[in-house]
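Asker:
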Amino acid sequence: MIEANQIEMIVKKILTEITLKNEATDSAYGIFDHMEEAIEAAWIAQKELVKYSLECRGKFIAAMRAAARKNIELFSKMAVEETGMGRYEHKVMKNTVAIEKTPGIEDLKPDAVSGDHGLTVFELSPYGVIGAITPTTNPTETVICNAIGMIAAGNAVVFAPHPRAKNTSRKAIEILNQAIIEAGGPANLITAIKEPTIESANIMMQHKKIKMLVATGGPDVVRTVLSSGKKAIGAGAGNPPAVVDETADIEKAAKDIIDGCSFDNNLPCVAEKEVIVVDSVADYLIFNMQKHNAYLLSDENLIKKLEKLVFNDKGHLNRDLVGKDADYILRKIGVDCDPSIRAIIVETDKNHDFVQEELMMPILPIVRVKDVNEAIELAVEVEHGYRHTAIIHSKNIDNLSKMAKEIQTTIFVKNGPSYAGIGVGGEGYSTFTIAGPTGEGLTTAKSFTRSRRCVLVDGFSIR
Ligand code: NAD
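The opening position of the sequence shown corresponds to residue 913 in the numbering used here, with each subsequent residue numbered one higher.
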């Protein structure tokens, strides 16, 4: 026989579910007109989330992964169409690792000490509502990866997507929210506004209910969150050098470098942005890169044309070329080539803008140096202290160790393409928020928590 209080509980549960479903429909699963509403809804949702067990939280994360998995093709297609950047097949790969390899609740490991004076537990607790700013270059990957990590850690998240990728990011937000609700969780754990702008991102950053900021993007946005006065994680720009010394497997190095630099048309912040090669193996490396569909641009006039196309008169990067196909860029300078061409390689001086600037397009400058010491020194210089990513191809342990020590990047890939550093190919989990400037490194759920010390005095020491 069902007791009166049990009936009351069942009715309450059904009513709550109906309300949540209605709320979710009205707000298009987390999408609001105004930033204030988006923050308030996320704040309420987070208060609900912490009432659920960890087991439930794990189920919500599993549901998010399952729903995103069903929509990988849609996400990838929308991203290419809306932003006009990148390659569909690589976006499928990036979304796949974001869904499958972003750590969930298992990342939240407690720590403990016990002794004569009792038991002290260190627990990882949520911040509350996190404000997350996302880039055009990974409009769904960052949303998926941040949402999984942040919610696994017990937070809700208000996204400020890049205005040029707003519909794609919104689609991911809606699908993830719907999945959480269908798995029995609260509505609006992930919110955003219909028309995101830099102004609305600033409102979000200053809002008192936003307890942590996470910025994934270029130097401006990282600087902005770091000066907000709030706890902030900054995942900024990179300019990853790839060093090749005379001991490397040159055929493999050539393939790995072209694979890495042409991945999603060089959009990833980890992608090879310049090659620094020891002179004695440079010709053979270039020869092998051409075998792997790199186009060697050696005509001086064409190189000048390319420089003028990539940088305008004021020296600013031509954003219209970011993430474009190599054959499209070549056609713009009058070179008709096959679409199978994946990258444009060009020998330059170390001071050339192609080397010094983060281009995010499949143009790969190559600089010759006399030996590995000069190569490492130059790699450190052109990485600009971003502490982001560097790559080396070498079989010499001393050279590998020397570069690891000197370059101090968050990701250091040895003998593989750059993307092995974010879990495509190499071992380890995946992330799309690589926090070099603030030091969290490859962020996971743990990065979005506060450490709390819980002390039981004179008890529970049972050794
Ligand atoms: P972007 O800096 O133009 O934009 C990133 C986000 O910041 C967008 O949502 C944008 O609207 C917002 N934004 C920019 N300036 C702002 C300001 N002053 N105030 C508030 N919001 C602001 O970058 P993008 O072109 O979208 O992405 C490419 C850049 O992001 C590259 O530099 C790349 O290296 C970097 N990136 C870094 C990581 C990482 O994990 N470290 C990952 C992806 C991309």
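Each residue gets a CB set at the ideal place from its N, CA and C atoms; glycine is no exception.
Out of curiosity, what's the CA-to-CA distance linking Val1193 and Glu1158?
Answerer: Residue 1193 sits at position 281 when you count from the first residue of the sequence shown. Residue 1158 sits at position 246 when you count from the first residue of the sequence shown. Cα-Cα distance, rounded: 6 angstroms.
Asker: How many Å lie between Gly1351 and Gly1150 at the Cα?
Answerer: Numbered from 1 along the sequence shown, position 439 holds the residue referred to as residue 1351. Numbered from 1 along the sequence shown, position 238 holds the residue referred to as residue 1150. Inter-residue distance for Gly1351 and Gly1150 is about 14 angstroms (C-alpha atoms, whole angstroms).
Asker: Is Glu1186 closer than 9 angstroms to Val1267 when the C-beta atoms are compared?
Answerer: Position 355 of the sequence shown, counted from the first residue, corresponds to residue 1267. Position 274 of the sequence shown, counted from the first residue, corresponds to residue 1186. A contact, by the Cβ cut-off of 9 angstroms.
Asker: With DSSP run on the structure shown, which of helix, strand or coil describes Phe1344?
Answerer: To locate residue 1344, count along the sequence shown from 1; it is residue 432. Correct three-state label for Phe1344: coil.
Asker: At a cut of 8 angstroms, does the region 1208–1222 reach the region 1240–1254 through at least three beta carbon pairs?
Answerer: yes
Asker: Heavy atom of the ligand NAD less than 8 angstroms from the Cβ of Phe1344, yes or no?
Answerer: By 1-based counting over the sequence shown, the position of residue 1344 is 432. The answer is yes for Phe1344.
Asker: Between the alpha carbons of Cys1173 and Arg1375, how many angstroms are there, rounded?
Answerer: Indexing the sequence shown from 1 puts residue 1173 at position 261. Indexing the sequence shown from 1 puts residue 1375 at position 463. Taking the straight line from one Cα to the other gives about 55 angstroms.
Asker: According to DSSP, is Leu932 part of a helix, a strand, or is it coil?
Answerer: The residue you call residue 932 lines up with position 20 of the sequence shown. Any reading at Leu932 needs caution, since the residue's pLDDT is 48, under 50, leaving its predicted position unreliable; the model's value is listed next. Note: Leu932 maps to helix in three-state DSSP.
Asker: Which runs of the alpha helix (DSSP H) at least 4 residues long sit entirely within the region 954–1040? Give them in chain order.
Answerer: The qualifying runs are 966–982, 984–995 and 1000–1013.
Asker: Using a Cβ-Cβ cut-off of 7 angstroms (strictly less than) and excluding sequence neighbours within five positions of Thr1008, which residues of its own chain qualify?
Answerer: Mapped onto the sequence shown, residue 1008 falls at position 96. Around Thr1008: Ile984.
Asker: Can we count Gly1061 as close to the ligand NAD, meaning its CB is less than 8 angstroms from some heavy atom?
Answerer: Within the sequence shown, numbered from 1, the residue matching residue 1061 stands at position 149. The answer is no for Gly1061.
Asker: Under 8 angstroms by Cβ, that's how I've got Thr1128 and Thr1046 pegged, so tell me the actual separation to the nearest angstrom.
Answerer: Locating residue 1128 in the sequence shown gives position 216, counting from the first residue. Locating residue 1046 in the sequence shown gives position 134, counting from the first residue. That pair is a contact at about 6 angstroms.
Asker: My assumption, with CB atoms under 8 angstroms, is that Ala1287 sits in contact with Ile1188. Please give the rounded CB distance.
Answerer: To locate residue 1287, count along the sequence shown from 1; it is residue 375. To locate residue 1188, count along the sequence shown from 1; it is residue 276. Rounded, the Cβ-Cβ distance is 5 angstroms, consistent with contact.
Asker: Can Met1005 be considered in contact with the ligand FMN, in the sense that its beta carbon sits closer than 8 angstroms to one or more heavy atoms?
Answerer: Absence of the ligand FMN from the depicted structure is noted, with the ligand NAD being the only ligands included.
Asker: Assuming Gly1061 is part of the beta strand (DSSP E), what are its boundary residues?
Answerer: Counting from 1 along the sequence shown, the entry for residue 1061 is found at position 149. No beta strand (DSSP E) contains Gly1061, which is instead part of the alpha helix (DSSP H) from Glu1053 to Ala1064.
Asker: Comparing alpha-carbon positions, which option in Asn1177, Ile1087 and Gly1040 lies nearest Lys1120?
Answerer: Taking the sequence shown and counting its residues from 1, the one referred to as residue 1120 is at position 208. The residue with the shortest Cα to Cα distance from Lys1120 is Gly1040.
Asker: What whole-angstrom Cβ distance do Gly1043 and Ala1072 have, given they're in contact under 8 angstroms?
Answerer: Taking the first residue of the sequence shown as position 1, residue 1043 is located at position 131. Taking the first residue of the sequence shown as position 1, residue 1072 is located at position 160. About 7 angstroms; that satisfies the 8 angstroms criterion.
Asker: Quick one: what does DSSP say Ile1085 is sitting in, helix, strand or coil?
Answerer: Your numbering for residue 1085 matches position 173 in the sequence shown. Reduced to three states, the DSSP call for Ile1085 is helix.
Asker: Using CA coordinates, which residue listed in Gly1340, Val1294 and Phe1034 is at the minimum distance from Gln1320?
Answerer: Along the sequence shown, one-based indexing puts residue 1320 at 408. The shortest C-alpha separation from Gln1320 is found at Val1294.
Asker: Output the boundary residues of the alpha helix (DSSP H) element that contains Phe1266.
Answerer: Residue 1266 sits at position 354 when you count from the first residue of the sequence shown. First-last of the alpha helix (DSSP H) with Phe1266: Asp1265 to Gln1268.
Asker: If you compare alpha carbons, which of Trp955, Ser1342, Ser1112 and Pro1153 is closest to Gly1066?
Answerer: Against the sequence shown, residue 1066 aligns to sequence position 154. Of the candidates Trp955, Ser1342, Ser1112 and Pro1153, the one whose C-alpha sits nearest the C-alpha of Gly1066 is Trp955.
Asker: Quick one: grab the DSSP three-state call for Ser1140.
Answerer: Here the question's residue 1140 lines up with position 228 in the sequence shown. If DSSP states are grouped into helix, strand and coil, Ser1140 belongs with coil.
Asker: Around the C-beta of His1029, are 16 or more other C-beta atoms found within 10 angstroms, so that it is buried, or is it exposed?
Answerer: Indexing the sequence shown from 1 puts residue 1029 at position 117. With fewer than 16 other Cβ atoms within 10 Å, it is exposed.
Asker: Could you pull out every residue in the same chain whose Cβ sits closer than 8 angstroms to the Cβ of Leu1229, ignoring the five residues on either side in sequence?
Answerer: To locate residue 1229, count along the sequence shown from 1; it is residue 317. In the same chain as Leu1229, and ignoring 5 residues on each side of it, the C-beta atoms closer than 8 angstroms to its own belong to Val1222, Phe1223, Glu1269 and Leu1271, in chain order.
Asker: Going by the DSSP bridge assignment, what does Ser1363 pair with across the sheet?
Answerer: Locating residue 1363 in the sequence shown gives position 451, counting from the first residue. DSSP, once it has assigned bridges, lists Leu1036 as partnering Ser1363.
Asker: What are the boundary residues of the beta strand (DSSP E) that includes Phe1324?
Answerer: Residue 1324 sits at position 412 when you count from the first residue of the sequence shown. From DSSP, the beta strand (DSSP E) with Phe1324 extends over Ile1323 to Lys1326.
Asker: When we look at the beta-carbon of His1002 and count the other beta-carbons within 10 Å, is it buried (16 or more) or exposed?
Answerer: The residue labelled residue 1002 in the question sits at position 90 within the sequence shown. His1002 is buried by the Cβ-count criterion.
Asker: Is any non-hydrogen atom of the ligand NAD found closer than 8 angstroms to the C-beta of Met947, if you look at the structure I gave you?
Answerer: Counting from 1 along the sequence shown, the entry for residue 947 is found at position 35. No.
Asker: Between the region 1331–1345 and the region 1362–1370, do three or more beta carbon pairs fall short of 8 angstroms?
Answerer: At 8 angstroms Cβ cutoff, the stretches do not touch.
Asker: State buried or exposed for Cys1357, treating a residue as buried only when at least 16 other CB atoms are found within 10 Å of its CB.
Answerer: For this step, residue 1357 is matched to residue 445 along the sequence shown. According to the sequence provided, residue 1357 is Ala. The question's Cys does not apply to it. So Ala1357 ends up on the buried side.
Asker: Just list the residues that DSSP pairs Glu1259 with in beta bridges.
Answerer: Taking the first residue of the sequence shown as 1, we reach residue 1259 at position 347. DSSP lists Ile1278 as partners of Glu1259.
Asker: Report whether the distance from the Cβ of Glu1270 to the nearest heavy atom of the ligand NAD is below 8 angstroms.
Answerer: Here residue 1270 refers to the residue found at position 358 of the sequence shown. Yes - the ligand NAD has a heavy atom lying nearer than 8 angstroms to the Cβ of Glu1270.
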